[in-house]
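Right, one structure below, let's go through it.
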Amino acid sequence: MNKFLIIYRYLKYLLKSKTRFKIHSQFVFDFINNILRDKNMYGDYSKLWEHRNKLAKSNDLIETVDFGVGAGNKVYRTKIMKFGKIVRKRSSDEPRLKLLFRIVKYYKPGNILEFGTAAGISTAYIKSGNPVSSMITMEGCANLAAKANESFIGLGLDNIEIAVGNFDSTLKDVLQKMKEVDFVFFDGNHRKEPTLMYFEKCVQFSNENSIFVFDDIHWSNGMESAWECIKNDSRVSITIDLFWFGVVFFREGIEKQNFVLLN
11 MNKFLIIYRY
21 LKYLLKSKTR
31 FKIHSQFVFD
41 FINNILRDKN
51 MYGDYSKLWE
61 HRNKLAKSND
71 LIETVDFGVG
81 AGNKVYRTKI
91 MKFGKIVRKR
101 SSDEPRLKLL
111 FRIVKYYKPG
121 NILEFGTAAG
131 ISTAYIKSGN
141 PVSSMITMEG
151 CANLAAKANE
161 SFIGLGLDNI
171 EIAVGNFDST
181 LKDVLQKMKE
191 VDFVFFDGNH
201 RKEPTLMYFE
211 KCVQFSNENS
221 IFVFDDIHWS
231 NGMESAWECI
241 KNDSRVSITI
251 DLFWFGVVFF
261 REGIEKQNFV
271 LLN
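Offset between the sequence shown (1-based) and the working numbering: plus 10.
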């Protein structure tokens, strides 16, 4: 990741972004007031973040398999790393994790799908937002999946299934098993073509209340291009650019609009 390029893109984002006082969509205004501006200190916040910090200190060595952008030009790449480093490197920062929690808490999706379990940090935040939901999270590395499952048990989170394997191979069966997706978090392969392919497959199992959240939409030229394609898709009604996250809605009866909001 080119830090200077990210800074440049963030400055462009700030110039385009709007505050709630310039928003004329009631749906988006509600999103701002009930999610972005929700300052409640939910009890789950401290429990989940303490758990994350505990894992981040682990010196246990683990062999990982990466099928995504980390594999470079190869089909996959294996590495041996300290588990704590993986937690620090592959997990979202605390504000973004809290935002995922609040989105799920507010809309209460029943069927949740996640691309990229890693250490299970984002999974725990998403699931805690609606504990009664049914969730499948996909992870390419069996060793990471085992570690994540230990976390779910320790946190008392149930009804979470981990589908292990390359997304290209596992996604079809996962979607057929779920039958419908209400919330999808795309955080597993930060490249244009796979992102658009996964989007297309998931859209076929979506409904008008489904919410898709894409991580790192400005991370690279490829991800920015993928985000533009998703914004312009005729099936999408509203998109919200929060710089790090892109949020997609499929609501019927709403004027198609794309928003860039300060987060």
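The C-beta atom is built at its ideal place from N, Cα and C for all residues, glycine as well.
Predicted model only: the values in this text are computed from it and were never measured.
In this structure, the beta-carbon distance from D76 to K92 does not fall below 9 Å.
Beta-bridge pairing by DSSP links D76 to R87. CA-to-CA, the gap between K89 and K49 works out to about 39 Å.
Taken through DSSP and simplified to helix, strand or coil, I248 comes out as strand.
Positions of the alpha helix (DSSP H) runs, each at least 4 residues long and wholly inside the segment 149-181, are given as 152-165 in order along the chain. For the pair E190 and K202, the Cα-to-Cα distance works out to about 24 Å. Look at M188 here: in three-state DSSP terms it is helix. Only buried fits N140, as 16 or more other CB atoms lie within 10 angstroms of its CB. Annotation for F259: the continuous beta strand (DSSP E) segment containing it runs F255 to F259. In this model, N169 and M145 are separated by some 6 Å (Cα to Cα). Fewer than three Cβ pairs drawn from the segment 48-64 and the segment 251-268 lie within less than 8 Å of each other, which leaves the two stretches out of contact. Three or more Cβ pairs drawn from the segment 99-112 and the segment 123-135 lie within less than 8 Å of each other, which places the two stretches in contact.
Three or more pairs of CB atoms, one per stretch, sit closer than 8 Å, so the segment 173-193 contacts the segment 204-215. With 16 or more other Cβ atoms from the protein chains shown falling within 10 Å of its own Cβ, M233 counts as buried.
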